[in-house]
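Here is the structure we will look at, set down as C-alpha cells.
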Amino acid sequence: MLYTIMHTNVDREYYESLSVEFTPNINKFRTGNRREHCIVDKKILKKLDLKVGAQIRIIRPSIHDNPMAIYTIIGIHEENLRTVFVGYSEPEDLKSRLDLNTTESFTGNIDSQVITLGISEKKAKEQGEFIELLKKKSDKAKIAILAPHGGDIERYTDDQAKYMYDVLSSDLATSWVCKGFRPTGGAFDRWHITSTEISEESFPGLKSIIKRQFKYAIAFHGWKHDDICIGGSMSTELKKDIKHAILKAIFDSKIQIHTDYEKDCIKDFNGDNPRNIVNRLSSQSLQIEQSVKARKNYGIKIAQAIVNVLDPLLVD
Ligand SMILES: [Zn+2]
C-alpha cells in the first residue's frame, strides 16, 4: 500500500466532542444542499475551536450502529445555548443521514474530527469509517488528482485517481483521496460533502497542499445521471481534447459526454464554481462527473484517456 495517511499539520492538538442538543429546522436554511448544513451556537463553535465553513460529525451515540453524518457549519446563532440547528430538505434526509424518524430535537454529540486518523482502509471498511489519503512523491508535483468522494460514496472514483497517479511520470503528481464506507449501505448519505464546501480545516492532508497552486488539478466524481459531464477552469481547447480522447476510449458505451463550454451539462454540475476544491488547487482544473456505468465499466479507460492528453503537458 503506497498511500500515506497524514496526521500531521493539524492546528489542534486533539479533537473535541461535545454532547449537545440538535434541532432539525428547515426554515433556518436556504435551499441547495441544506441536508448537509448545520448552524451552531457561537459558544459551541468556540469550544470546538472551529470556524464557519468547517465540517463536523453529528453522532447519535447509543442507538445501534451509532448513526452519524458529516455536516458543514454554514453559520452561528445565539438563540439557544448548546443547540445546533440541523438542515434538511425532506424528513427522509434526517432518516437516511441520522436514522431519525421525526423532526423533533435530540441529544447527541458534535465532533470536530471529520476523518479518522491512523486506520487502514480495511479497518475503515469494516468499521464504516471515513479516511483521507494523501499520496505524493515530491513537493514539486504539477498535477493534483482528487477523488473527494471515494470508497462507497461515489464508487470507483478512487480507483481512477489511483490509476492516474500510478501511471503518470514519477514526481509529477500528488493525489488526495477520501474514502467513506458504511457496511449497511448509505455511505453517500453519511459522508458526502459537496465539493464547493469542503474545508481544508477538516482535512489535514488537504490542508498540507491547499496553498500549492498546481499547474493542473483534476477531480473524479460520480453522479446518479446517465451521462458524463466535463467542466473546470482549464482551456476549452484542452477540455475538447479530453472530451474527444474519452469519446474514443468509450466509443462502444453509448454514454454521452456533455461539457460546460457547450453549456449542456445537467444543472447540479458545480465544476465551474471557484469554491470547488478542484478550482482552489489550480487555475487549470478539470472536473468530471460520471454515471455509475461510466465509472464501473470504463473508469480506467477514462482515466487513461485523460492521462494521454495531460501527460505530455506536464514536462516542461
Ligand atoms: Zn463527488
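First residue of the sequence shown? That's 216 in the working numbering, and the numbers climb one at a time after it.
All residues carry an ideal CB built from backbone N, CA and C; glycine is no exception.
Check your understanding: Is the number of C-beta pairs between the segment 412 to 427 and the segment 368 to 377 that are closer than 8 Å three or more?
Key -> They do not touch, by the three-pair rule.
Review point. When you compare only the Cα positions, how much space is there between A402 and K394?
Key: Numbered from 1 along the sequence shown, position 187 holds the residue referred to as residue 402. Numbered from 1 along the sequence shown, position 179 holds the residue referred to as residue 394. When the Cα atoms are used, A402 and K394 turn out to be separated by approximately 9 Å.
Check your understanding: Does the segment 313 to 326 come close enough to the segment 335 to 352 to have 3 or more Cβ pairs within less than 8 Å?
Key -> Touching, no.
Review point. Quick one, are the C-beta atoms of N485 and T372 less than 9 Å apart?
Key: Here residue 485 refers to the residue found at position 270 of the sequence shown. Here residue 372 refers to the residue found at position 157 of the sequence shown. No, the Cβ-Cβ distance between N485 and T372 is not below 9 Å.
Check your understanding: Between D343 and the rest of its own chain, which residues show a CB-CB distance below 7 Å, the 5 nearest in sequence each way excluded?
Key -> Here residue 343 refers to the residue found at position 128 of the sequence shown. It should be pointed out that residue 343 corresponds to Gly in this sequence rather than to Asp. Closer than 7 Å at the Cβ level, and outside the excluded window around G343, lie F396, R397, P398.
Point to revise | Sequence-distant residues of its chain with Cβ nearer than 8 Å to R249 (five each side left out) | key: One-based indexing of the sequence shown puts residue 249 at position 34. Excluding sequence neighbours, R249 sits near I241, G302, Y303, S304.
Review point. Do you know offhand how far V329's Cα is from V382's?
Key: If you number the sequence shown from 1, residue 329 lands on position 114. If you number the sequence shown from 1, residue 382 lands on position 167. Going from the Cα of V329 to the Cα of V382 covers about 30 Å.
Point to revise | Spatially closest choice to V507 from D441, I481, D314, D256, by CA coordinates | key: Numbered from 1 along the sequence shown, position 292 holds the residue referred to as residue 507. It is D441.
Practice item. Would you list, in sequence order, the uninterrupted alpha helix (DSSP H) runs of no fewer than 4 residues that lie entirely inside the segment 416 to 492? Key: If only complete runs of 4 or more residues are kept, the segment 416 to 492 shows the alpha helix (DSSP H) at 419 to 422, 451 to 464, in order along the chain.
Review point. Is the distance from the Cβ of A432 to the Cβ of S384 below 9 Å?
Key: To locate residue 432, count along the sequence shown from 1; it is residue 217. To locate residue 384, count along the sequence shown from 1; it is residue 169. Against a cut-off of 9 Å, the Cβ pair of S384 and A432 comes out as no contact.
Review point. What number of angstroms, rounded off, separates the C-alpha of S498 from the C-alpha of K430?
Key: In the sequence shown, counting from the first residue as 1, residue 498 sits at position 283. In the sequence shown, counting from the first residue as 1, residue 430 sits at position 215. Whole-angstrom Cα-Cα distance: 7 Å.
**Study point:** Below 5 Å from a heavy atom of ligand 3 - residues by beta-carbon
**Key:** Ligand 3 is absent from the structure shown, which contains only ligand 1.
Review point. For H252, is the classification buried or exposed, using 16 other Cβ atoms within 10 angstroms of its Cβ as the cut-off for buried?
Key: Translated into the one-based positions of the sequence shown, residue 252 becomes position 37. So H252 counts as buried.
Practice item. Would you check if the distance between the CB atom of V299 and the CB atom of F244 is smaller than 9 Å? Key: As a first step, residue 299 must be located in the sequence shown, where it is residue number 84. As a first step, residue 244 must be located in the sequence shown, where it is residue number 29. For V299 and F244, no; Cβs fall outside 9 Å.
Check your understanding: Can you name the residues that DSSP bridges to P239?
Key -> Taking the sequence shown and counting its residues from 1, the one referred to as residue 239 is at position 24. The partner list for P239 (beta bridge, DSSP) reads V301.
Review point. Do you know how far the Cα of I517 is from the Cα of D386?
Key: Here the question's residue 386 lines up with position 171 in the sequence shown. Here the question's residue 517 lines up with position 302 in the sequence shown. When rounded, the distance between both Cα atoms is 22 Å.
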